[in-house]
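First residue of the sequence shown? That's 27 in the working numbering, and the numbers climb one at a time after it.
Each residue gets a CB set at the ideal place from its N, CA and C atoms; glycine is no exception.
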Amino acid sequence: MSPQQEITNLTVLIRKYNRQYYSGDVSEITDGEYDALMNRLLFLERENPEYCSVDSPTARVGSAPLTSFSGVIHDPPMLSLSNAFSRDDFLSFNSRVLNLLKLDQVKYSVEPKLDGVSLSLVYENSVLVRAGTRGDGIRGEDVTDNARTIRSIPLRLNAHRLSVEIRGEVFFTVKNFKKLNRRREESGESPFANPRNATSGSLRQLDSTVTSLRPLSFMAYATGRYPDGLETQEDLFKKLHMWGFMVNRQNRICDTPEQVIAAYNNFVEVRADLPMEIDGMVIKLDSFSQRAEAGSLSRAPRWATAWKFHAEEMSTTLIEIEIQVGRTGRLTPVARLEPVKVGGVIVTNATLHNQDEVIRKDVRPGDIVIVRRAGDVIPEVVTSLPVEGAARAKAFKMPGECPVCKGPVVKPDGEVNLYCINPSCEARIRRSLEHWASRKALDIEGLGKKLCEQLVDAGMVNSIAGLYSLKYHELTALERMGELKATKLFAALEKSRTIPLSRFLTGLGIPGVGEVASRDIAAEFRDLKTLGDASEEALLEVKGIGPVTASSIREFFTNSVTSSVIEQLVKAGFNPVEEVSGKGISLAGEIMVFTGTLEMPRQKAKELAMGAGAKVTSSITGKTTLLVAGKNAGSKLVKAEKLGVRVLSEKEFLESAVN
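Structure follows, in structure tokens:
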């Protein structure tokens, strides 16, 4: 037999045994016999590389290390799920679904919620071509080489020339996780704290040969788009199994809410006996057409929810409460704790969320507190148990100034959180620079997130105004910053000095002062000095400005820390004014949405609309009065037509905005 024919025969056999084992949990051969087949194939392919295919079973041994992961875009996005934590939460979800569909009863697909890492697999002509992590739901990391090493991921589907995106979960079985930790301990390495962390770390190895040595598993539960001819989740699971994927045997279809509740109670009982860790169950409408009718919000579908298990709780002592300042300037009280093990992880810090939560729970240093990992991930303090008869510390109060920069803090209208409003605060300077340079603010081309981080980390910029005192030789010394890029950046910085007052205000990032408010304020006061001298009463006269926002604007212009930011920018050459025209009166009062592909940049269209007196939002609601539809307009156009919203083409919009 020729080497080519033997390679083909071995490949067919190994694929067959993989399908048997991973989608059927049976095998006609022993592990030793399987290894012998794989070793023979490895030998033949090394000796005859011209006959080695990209979907060969030997691709699972790993490839050359990467220097970094490239990005992948998810289309459609990999949405999150809303959460339910009780029977009442689920019944509320069920009522919302029935109201949306105007039905008395629906079928649900109920599936164990695997405690692993979501993964997208793209197949073209039945061959795996790309694997991507979920990331933020829109953009993830390309981990194709690592995914190829996971034996329960088919490198070729058991289907003819099929192109499809499969979504599922990568995880460790309990048995394999214990085996991995034993191996690590025997080799002198620290064991992993829990299977989820181990899964995430294993899947994101730059060297895929490391991933190949870790016994990961994959279970499929969805496709990016529903395949033709399938109408229900039950149908999809049968098809996924036929294509060669592991599908959870605990999945079930429930005809009534009572059956869903019974399924949850059953999962609670059998959780410890399952071969993999689960942290709840996922409830989805079984019917694909009903899902389409129910629709989705921006981050989560309306037709599914995750009913989480109650988190493990432990007691410990609260040592002290510190304030953490986040990148957005938000002040969060954090409990420093005596170390305690919760859900397999040593916890030393736990969030207290905000001042209202601290008061409600009456948490004080020295108290015994109950700690849990919310959603089995984020540690939080549940309640406080004061020691009987012991004197307690004083009740905690949030500070009146930022603990990092000593700048002013405000509580935006309608929020419970306090924010540092100093854009040059050390804790938030990276985020402030990104915001200052963003398209909706000063639109400084070439000043992206990575460069902002480089400038701060190198100590070259510690305030917004510091951007305008950068030296050419310092900039070109940065990694990947050549002379051409530096020249373009300096030109963009110079151009930004001439922006109007509205963009200047947007760039400062004062809480409560977004694009719309900035335009309204700038139209009223016209220049920086007049705005700086304006009283709270004068600010309250501006459309949409309430007492809290007026107070925070006044505080920004009068506090010594934040007013110095403006002074530094003025010294850097800023003197922003607002030119207000009478154009666009026909759009005054409109609440607008843009959809589809426009010929002009979306941001420019948005600015034109706001300049013409309209308010621009991102989604169609009952309050929307106007939709501008570009090419390939989709669901927003359909919804607008259903609601009777006026629709304009891009050309008609331009005529309205400039007349």
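Quick one: what's got a C-beta closer than 7 Å to residue i's C-beta in the same chain, skipping five residues either side?
| i | result |
| --- | --- |
| S528 | S544, R545, A548 and E604 |
| F679 | V654 |
| L531 | V539, S544, I547 and A548 |
| P217 | N207, R210 and E211 |
| F551 | L557 and A560 |
| V200 | P301, M302 and E303 |
| A576 | E562, L565 and L566 |
| S226 | V143 |
| D101 | none |
| R456 | R353, C478, E479 and V482 |
| Q594 | S489 and A491 |
Leaving out the 5 sequence neighbours to the left and right, which residues in its chain are closer than 8 Å to residue i when beta-carbon positions are compared?
| i | result |
| --- | --- |
| V413 | G392, D393 and I394 |
| P103 | G163 and I164 |
| G194 | S144, L145, L147, F244, M245, A246, Y247, A248 and F271 |
| N74 | P29, Q30 and I33 |
| L107 | V308, A326, P327, A330, T331 and A332 |
| L669 | I646, G648 and T650 |
| E452 | V430, C431 and N488 |
According to the neighbour-count rule (16 or more other Cβ atoms, all chains shown, within 10 Å of its Cβ), is residue i buried or exposed?
| i | result |
| --- | --- |
| G97 | exposed |
| G570 | exposed |
| G433 | buried |
| Y290 | buried |
| I611 | Below a pLDDT of 50, predicted positions are generally treated as unreliable, and I611, at 49, falls in that range; the measurement from the model is reported next regardless. Looking at its Cβ environment, which holds fewer than 16 other Cβ atoms inside 10 Å, I611 is exposed. |
| G608 | Annotation note: pLDDT 48 at G608 (below 50); position unreliable, coordinate value reported separately. So G608 ends up on the exposed side. |
| H461 | buried |
| S118 | exposed |
| V296 | exposed |
| R386 | exposed |
| M27 | exposed |
| S458 | buried |
| Y498 | exposed |
| L510 | exposed |
| R177 | buried |
| I40 | buried |
| T258 | buried |
| G623 | Correcting the residue identity first, residue 623 is Thr in this sequence and not Gly. The residue is exposed, with fewer than 16 neighbouring Cβ atoms inside 10 Å. |
| E137 | buried |
So the candidates are the options; which of them puts its Cα closest to the Cα of residue i?
| i | options | result |
| --- | --- | --- |
| V596 | R523, P537, S561 and L613 | R523 |
| I179 | S82, F203, F69 and D141 | S82 |
| V408 | K420, P449, L344 and L459 | L344 |
| N151 | L188, T170 and A173 | L188 |
| A467 | R278, E295, T502 and G533 | G533 |
| K367 | I349, E215, S341 and A419 | S341 |
| M424 | L378, T258 and F516 | L378 |
| L519 | F551, I470, P241 and I536 | I470 |
| R628 | E211, E676, A666 and L613 | E676 |
| W269 | F600, A576, K42 and F335 | K42 |
| Q276 | D261, G255 and L300 | L300 |
Have a look at the DSSP bridge pairing and note the partners of residue i.
| i | result |
| --- | --- |
| D168 | G158 |
| M340 | V397 |
| S146 | G158 and R193 |
| Q350 | T358 |
| T377 | V360 and E406 |
Which same chain residues, not among the five before or five after residue i, have their C-beta less than 6 Å away from its C-beta?
| i | result |
| --- | --- |
| R317 | L311 and W329 |
| K437 | L444 |
| T374 | L363 and P365 |
| G558 | F583 |
| V442 | N380 and D382 |
| Q480 | L504 |
| N448 | C431, G433, V587 and T588 |
| G158 | V98, S146, G166 and D168 |
| L554 | P602 |
Just confirm the distance between the C-beta atoms of residue i and residue j, as a whole number of angstroms; I'd bet it's less than 8 Å.
| i | j | result |
| --- | --- | --- |
| G355 | R454 | 5 Å |
| L127 | A320 | 6 Å |
| V196 | G250 | Actually they are not in contact, since the Cβ atoms of V196 and G250 sit about 17 Å apart, beyond 8 Å. |
| D388 | S410 | 6 Å |
| C428 | V351 | 6 Å |
| L68 | T37 | In fact, because the Cβ distance is near 12 Å, the residues do not count as touching under 8 Å. |
| N172 | Q131 | 43 Å between Cβ atoms; not a contact. |
| T84 | E71 | 6 Å |
| M626 | V642 | That pair is no contact at about 14 Å. |
| Y149 | V123 | Going by Cβ atoms, the distance from Y149 to V123 rounds to 32 Å, so no, they are not a contact pair. |
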